[in-house]
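Residue numbers (our numbering), protein chains in the order written: chain L, 3 to 546; chain D, 767 to 1108.
Ideal Cβ placement from N, Cα and C applies to all residues, glycine included.
Worksheet for the structure shown next.
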Amino acid sequence: MAFSSALVLTDLNDYIAPSQACIKPVEVEKSEDQGPTEIKVDLEGDYYEISKDGGESKLEKASITLNDCLACSGCVTSAESVLITMQSQEELYGILNTNRLAIEHNDPSQHRTIVISISPQSRASLAAKYNMEPLQVHKRLVYFFKHHLGAHHVFDTSFSRDLSLVESAREFVDRFRRYMANGGEKLEAALQQQDAEKQQEAEDGKRRPRARRRAAAKNEDGDGSATQQDMPMLASACPGWVCYAEKTHGAVIPHITAAKSPQQMMGTLVKDYLASKTNTSPSAIYHVSVMPCYDKKLEASRPDFFLEQFNTREVDCVLTTGEIEKMFMEQNVQFDRLPEAEIDDMFNKTVTNAEMQMAFGTAGSSSGGYLEYILRTAARELFNIHDVPTDPATAPNNARVIVKTGKNADVREYFLQGDDGRILLRFATAFGFRNIQNIVRKVKSGKCSYHYVEVMACPGGCVNGGGQIPNPNSEEVLSAKDWVSRVESVYQTVPGVAPEENEVLKSIYDEWIGDPSSERAHKLLRTQYHAVTQSLANPLATKW
Amino acid sequence: MPRLELVAELEGHQDRVWQAIWHPTKTILATCSGDKTVRLWAPASHSDMSSWQCIHTLDGGHKRTIRSVAWSPSGNEMATASFDATTGIWEHDMRENDWECVATLEGHENEIKSVAWSSSGQLLATCSRDKSVWIWEVESDNDFECLSVLQEHSQDVKMVAWHPHQEILASASYDDTIKIWREDDDDWYCSDTLQGHTSTVWALDFDASGDQIVSASDDQTLRIWKMYKPNNAQGIPTPSNDPTYRTVCTLSGYHGRCIYSVSWSKVNNHIASASGDNTIRVFTQTAGGDEPAWEAVATIKDAHGVHDINNVTWFPTQQHGDWLATAGDDGVARIWRLVQDD
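Below is the structure:
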């Protein structure tokens, strides 16, 4: 997993670590033995092979791009320095400079519209460090990017996250219906029967001894659940998880939701909707997103998010919260002394009324609130249940959703109870490597009884991403764990507003996309995943 | 002077034998081999201990060498660690007197070097060339949940061993260190790093109390480490309020090559070591306290001929407390007895 071990926080080492083998061994075609060969290097540094008859043939340079290293970091090119130089604040400074020159020389062709999208988790991290509220941080960031640096728009990915949530929920409802139609109904009935029996046992005070199942029973769950791919549905917003799944567990890929992540939804909004609205070519827009981790850089550079037609990426550059802080230093800016600017760009989730302005987010975990939103929507659409709390984990006494914490704080189970007491939906969160292991193992062996799992690579959720601002306190004052809790609570101070109530988004959606089940909607709002196949043709890659 | 006497030779494997591990309570030996099988051996009759037969062969569970095998404390289950990056869990069916592979744990990226079952039977640990140590919890119906993936070693981890009564794990690595792992509220962490060896640490073992560890290294020495609790009388600092380990004795000059395996008898407190110099040595303690002294009392040269000796293990109970099992690259497992000549 392309996650540098240098980013691991003390006491919290549950990150997916760099792997040990390169997934792209150089393929050397074995040709007939033509005896010794001669290699020549010309002045430009190109290599030529000189064959016996004196003819030269240019040798292809073996190259490994950032894209190849999507899920692998076992070698030199995975060094942090490469990641950082390819998407860094240096790049942004470069674009800003080109803009300045373009204006000076009156050359509009060199000018690019600069758009900055800020994630609420990065905002919370800065807010916790500088002891401010998220709204204050946002306003200062608007000042920093627009007025100090010269960017044109500053957006909040909480806005585009609503798109991601709606699309994920829509996909879930479709999958669930398909699943029920293809044998799921029987399965659910059987599981509910089991639940009822367990309940009965518990009441009777009896405990049937657990018989160890034989190996033959492994595939004999009697339901063929190993073959159906609709359930469980797994979250896709975390590129760390997606890259790991693509590389190591290709079998679970059909379970990952096709809906794009908030970052990429914003990319589509900017390079498709905004571009056409402002009559700008997508390649004349430079889109920077501020994210809590380094894996978002890899996500932005996926070929699936490259618009070939315009030769541009949906998100051009990802900067981590830590890199933004470095920018403050490089620009000699004292963040807490910055004035606050107005948030007037369209893709933000704030409301201004006569008295004050408020920032809004989404209910649920700091990783986006996927589980909570999909649960509510599914309950409504599938079972006509309307009283699911927006955040069941904080409403412990409600009878509608039972929340159980699993083996550790990063695993939680959510059970939707029907009026008759039957469990209708089983959801779970799984953050961190060890919990991902367990979910993947269950899915692969067909023993996963969940319908949706919010899988995230970082223990503690996105507020604990590898690119967030590290604990500025010494361990005695505030431990690393407590620092993460603090960032999480700052994150939660932003009240949640359901995507359905995001009027701006609704009107944009109607205007821009129209029919959610159309091919155009799928093309703009969904993506694909590709299992990485290891070609073991290279004898040098043999392990023994 | 005591000496080691050959009791039996167990032949049958088609490739090198990596480990020879005793059943926790019965007189049964499990051997795992490069031929991808595990064999269980028992004496042909109660009266004649020199003739052993293979009573079971566990086959078909792995695609590559089985590097390590571990019995559960009850003796009804076994875990096999393989170079194919999976750990097999086998269960003994008493009715059919057969062993069956009931689960395969995946997750490691490459060769698994060692597997160990905790004394409670609740936890399993595996370690691998991918530098990580995994801790699994045994659930009912043959499900194993991954509790933690510990990635603090900087190189290949060669061996893991559990404390004899507590859920504390020790791991030995190519990075020349031993790490001690503890659990704090569902999170496993490294509570101590034992430095001192100047090369790969191949093996380690706890003493019967769990307060001491013996380690075997490529630097041709054995080290005895003693645990010091916080606020100990000797004034040894314990950072982060966890017990720490210090070397109290180094046994050097006894082996001329890498020491691959070491075993601390839980019955008679002897230490046995096996080395690439083809000898097995037995040590007894001659002085205790904070500066213990150990003396080499028995040696067998060329125990497996010209072949490396991969593993040495003492019999775990009083019944045959003077027995040692060894496994070698010659494909043979041998049982030896420490005879006290008086």
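Query raised in the report: Measuring CA to CA, which of D:Ala810, D:Ala1038, D:Asn1077, D:Asp953 is closest to Ala786 of chain D?
Result: Stepping through the second sequence from its first residue, residue 786 of chain D is reached at position 20. Ranked by Cα distance from Ala786 of chain D, the options D:Ala810, D:Ala1038, D:Asn1077, D:Asp953 are led by D:Asn1077.
Query raised in the report: Nearest to Cys757 of chain D by alpha carbon, out of D:Leu960, D:Val967, D:Thr1004, D:Leu988?
Result: The shown model of chain D, from 767 to 1108, leaves out residue 757 of chain D, and the question about it has no answer.
Query raised in the report: With a cut-off of 7 Å, does the C-beta of Ser848 of chain D fall near any C-beta of chain L?
Result: Position 82 of the second sequence, counting from 1, holds the residue named residue 848 of chain D. No, Ser848 of chain D lies away from the interface with chain L (no Cβ there is under 7 Å from its Cβ).
Query - Residue closest to Glu46 of chain L, alpha-carbon to alpha-carbon, out of L:Lys54, L:Lys60, L:His532, L:Glu513 - result: Position 44 of the first sequence, counting from 1, holds the residue named residue 46 of chain L. Among L:Lys54, L:Lys60, L:His532, L:Glu513, the Cα nearest to that of Glu46 of chain L is on L:Lys60.
Requested in this report: State the DSSP-derived secondary structure class of Glu415 of chain L, mapped to helix, strand or coil.
Outcome: In the first sequence, counting from the first residue as 1, residue 415 of chain L sits at position 413. In this structure, Glu415 of chain L counts as strand in the three-state DSSP scheme.
Query raised in the report: What are the boundary residues of the alpha helix (DSSP H) that includes Phe483 of chain L?
Result: The residue labelled residue 483 of chain L in the question sits at position 481 within the first sequence. In the sequence under discussion, the amino acid at residue 483 of chain L is Lys, which differs from the Phe named in the question. Taken as a continuous stretch (DSSP letters only), the alpha helix (DSSP H) holding Lys483 of chain L covers 482-494.
**Report entry** Partner residues on chain L for Gly841 of chain D, Cβ-Cβ distance less than 8 Å
**Finding:** The residue you call residue 841 of chain D lines up with position 75 of the second sequence. Those do not exist, as Gly841 of chain D stays about 15 Å from chain L at its closest Cβ, beyond 8 Å.
Report task. Look up Thr803 of chain D in the DSSP assignment and say whether it is helix, strand or coil. Result -> For this step, residue 803 of chain D is matched to residue 37 along the second sequence. Thr803 of chain D falls in the coil class under three-state DSSP.
Requested in this report: Check Val139 of chain L in the structure and name its three-state DSSP category.
Outcome: As a working note, residue 139 of chain L is residue 137 in the first sequence. If DSSP states are grouped into helix, strand and coil, Val139 of chain L belongs with the helices.
**Report entry** Chain-ordered chain D contacts of Lys409 of chain L [CB-CB under 9 Å]
**Finding:** Looking up residue 409 of chain L in the first sequence gives position 407. Below the 9 Å Cβ cutoff, chain D contributes Glu903, Glu911, Leu913, Asp952 as neighbours of Lys409 of chain L, in chain order.
Query raised in the report: Under a CB-based cut-off of 7 Å, is Arg402 of chain L close to chain D?
Result: Walking along the first sequence from the start, residue 402 of chain L turns up at place 400. Not closer than 7 Å to any Cβ of chain D, the Cβ of Arg402 of chain L fails to qualify, so no.
Requested in this report: Please list the partners that Arg443 of chain L has in chain D, where partner means a Cβ-to-Cβ separation under 9 Å.
Outcome: Translated into positions along the first sequence, residue 443 of chain L becomes position 441. Result: Leu871, Glu872, Gly873, Asp909, Phe910, Glu911, Cys912.
Query raised in the report: Mind checking whether Phe157 of chain L and Asp347 of chain L have CB atoms under 7 Å apart?
Result: Counting from one through the first sequence, the residue named residue 157 of chain L turns up at place 155. Counting from one through the first sequence, the residue named residue 347 of chain L turns up at place 345. Taking 7 Å as the Cβ cut-off, Phe157 of chain L and Asp347 of chain L qualify as a contacting pair.
Query raised in the report: Could you give the residue range of the beta strand (DSSP E) that holds Tyr1026 of chain D?
Result: The count along the second sequence starts at 1 and reaches residue 1026 of chain D at position 260. According to the DSSP assignment, Tyr1026 of chain D belongs to the beta strand (DSSP E) that extends over 1025-1030.
Query raised in the report: With distances taken between CB atoms, is the gap from Thr259 of chain L to Met235 of chain L smaller than 7 Å?
Result: For this step, residue 259 of chain L is matched to residue 257 along the first sequence. For this step, residue 235 of chain L is matched to residue 233 along the first sequence. Result yes, Cβ atoms of Thr259 of chain L and Met235 of chain L sit closer than 7 Å.
Query - Option in L:Arg172, L:Val442, L:Asp389, L:Thr100 with minimal Cα separation from Gly152 of chain L - result: Position 150 of the first sequence holds residue 152 of chain L. With distances taken between Cα atoms, Gly152 of chain L lies closest to L:Thr100.
Query raised in the report: From what residue to what residue does the alpha helix (DSSP H) around Cys245 of chain L run?
Result: Residue 245 of chain L sits at position 243 when you count from the first residue of the first sequence. Its alpha helix (DSSP H) spans residues 241-250.
Report task. For Asp971 of chain D, write down the residues that DSSP places opposite it in a beta bridge. Result -> Within the second sequence, numbered from 1, the residue matching residue 971 of chain D stands at position 205. Answer by DSSP bridge pairing, in chain order: D:Val980.
**Report entry** Leu165 of chain L beta carbon less than 7 Å from that of Pro241 of chain L
**Finding:** In the first sequence, the residue the question calls residue 241 of chain L occupies position 239. In the first sequence, the residue the question calls residue 165 of chain L occupies position 163. With a cutoff of 7 Å on beta-carbon distance, Pro241 of chain L and Leu165 of chain L are scored as not near each other.
Requested in this report: State the Cα-Cα distance for the pair Phe147 of chain L and Ser124 of chain L, rounded to the nearest angstrom.
Outcome: Against the first sequence, residue 147 of chain L aligns to sequence position 145. Against the first sequence, residue 124 of chain L aligns to sequence position 122. In a straight line, the C-alpha of Phe147 of chain L is about 15 Å away from that of Ser124 of chain L.
Query raised in the report: Which same chain residues, not among the five before or five after Gln780 of chain D, have their C-beta less than 6 Å away from its C-beta?
Result: Here the question's residue 780 of chain D lines up with position 14 in the second sequence. If the five residues before and after Gln780 of chain D are omitted, its C-beta is found closer than 6 Å to the C-beta atoms of Asp801, all from its own chain and listed in chain order.
Query raised in the report: Cβ of Cys77 of chain L less than 7 Å from any chain D Cβ?
Result: Taking the first residue of the first sequence as 1, we reach residue 77 of chain L at position 75. With a pLDDT of 44 at Cys77 of chain L, under the threshold of 50, the modelled position of that residue is not reliable, and the figure given next carries that caveat. No, because no Cβ of chain D sits closer than 7 Å to the Cβ of Cys77 of chain L.
Query raised in the report: If you compare alpha carbons, which of L:Pro518, L:Gly252, L:Ser170 is closest to Val445 of chain L?
Result: Within the first sequence, numbered from 1, the residue matching residue 445 of chain L stands at position 443. The shortest Cα separation from Val445 of chain L among L:Pro518, L:Gly252, L:Ser170 belongs to L:Gly252.
Query raised in the report: Candidates D:Leu970, D:Glu775, D:Cys820: which alpha carbon is nearest His1070 of chain D's?
Result: Along the second sequence, one-based indexing puts residue 1070 of chain D at 304. Ranking D:Leu970, D:Glu775, D:Cys820 by Cα distance to His1070 of chain D puts D:Glu775 first.
Query raised in the report: Do the stretch 269-280 of chain L and the stretch 489-500 of chain L touch if we need at least three Cβ pairs shorter than 8 Å?
Result: With a cut-off of 8 Å, the stretch 489-500 of chain L and the stretch 269-280 of chain L do not count as touching, because too few Cβ pairs lie within range.
Requested in this report: Examine the Cβ distances between the stretch 465-475 of chain L and the stretch 293-312 of chain L and report whether three or more of them are shorter than 8 Å.
Outcome: Segments in contact, yes.
Query - Beta bridge counterpart(s) of Gln819 of chain D as assigned by DSSP - result: Within the second sequence, numbered from 1, the residue matching residue 819 of chain D stands at position 53. According to DSSP, Gln819 of chain D bridges with D:Ala808.
Query - When D:Thr803, D:Ser914, D:Val926, D:Cys912 are compared against Glu866 of chain D, the one with the closest alpha-carbon - result: Stepping through the second sequence from its first residue, residue 866 of chain D is reached at position 100. Nearest Cα to Glu866 of chain D within the set D:Thr803, D:Ser914, D:Val926, D:Cys912: D:Thr803.
**Report entry** Identity of the residue in D:Arg1012, D:Gly841, D:Asp984, D:Ala982 nearest Tyr994 of chain D by Cα
**Finding:** Counting from 1 along the second sequence, the entry for residue 994 of chain D is found at position 228. It is D:Arg1012 whose Cα lies nearest to the Cα of Tyr994 of chain D.
Query raised in the report: In the structure shown, what three-state DSSP assignment does Ala1099 of chain D receive?
Result: In the second sequence, counting from the first residue as 1, residue 1099 of chain D sits at position 333. In the structure shown, Ala1099 of chain D sits in a strand (DSSP, three-state: E or B).
Query raised in the report: Taking Cβ positions only, does Phe337 of chain L come closer than 7 Å to chain D?
Result: Counting from 1 along the first sequence, the entry for residue 337 of chain L is found at position 335. Proximity of Phe337 of chain L to chain D, defined by a Cβ-Cβ separation below 7 Å, is not satisfied.
Query raised in the report: With burial defined as no fewer than 16 other Cβ atoms inside 10 Å of the residue's Cβ, what is the status of Glu325 of chain L: buried or exposed?
Result: Translated into positions along the first sequence, residue 325 of chain L becomes position 323. Buried is the call here.
Query raised in the report: What is the residue span of the beta strand (DSSP E) that Val290 of chain L lies within?
Result: Here residue 290 of chain L corresponds to residue number 288 of the first sequence, with the count starting at 1. Secondary structure note for Val290 of chain L: its beta strand (DSSP E) is the uninterrupted segment 287-293.
Report task. Have a look at Thr1004 of chain D and Ala432 of chain L and give me their C-alpha separation to the nearest angstrom. Result -> In the second sequence, counting from the first residue as 1, residue 1004 of chain D sits at position 238. In the first sequence, counting from the first residue as 1, residue 432 of chain L sits at position 430. So the alpha carbons of these two residues sit roughly 35 Å apart.
Query raised in the report: Taking the C-alpha atoms as reference points, what is the distance between Trp807 of chain D and Leu824 of chain D?
Result: Here residue 807 of chain D is taken as the residue at index 41 of the second sequence, counted from 1. Here residue 824 of chain D is taken as the residue at index 58 of the second sequence, counted from 1. Whole-angstrom Cα-Cα distance: 12 Å.
Requested in this report: List the residues of chain D that Gln439 of chain L touches, going by C-beta distances under 9 Å, in chain order.
Outcome: Looking up residue 439 of chain L in the first sequence gives position 437. Those are Glu872, Gly873, Trp900, Glu911, Cys912, Val915, listed as they occur along chain D.
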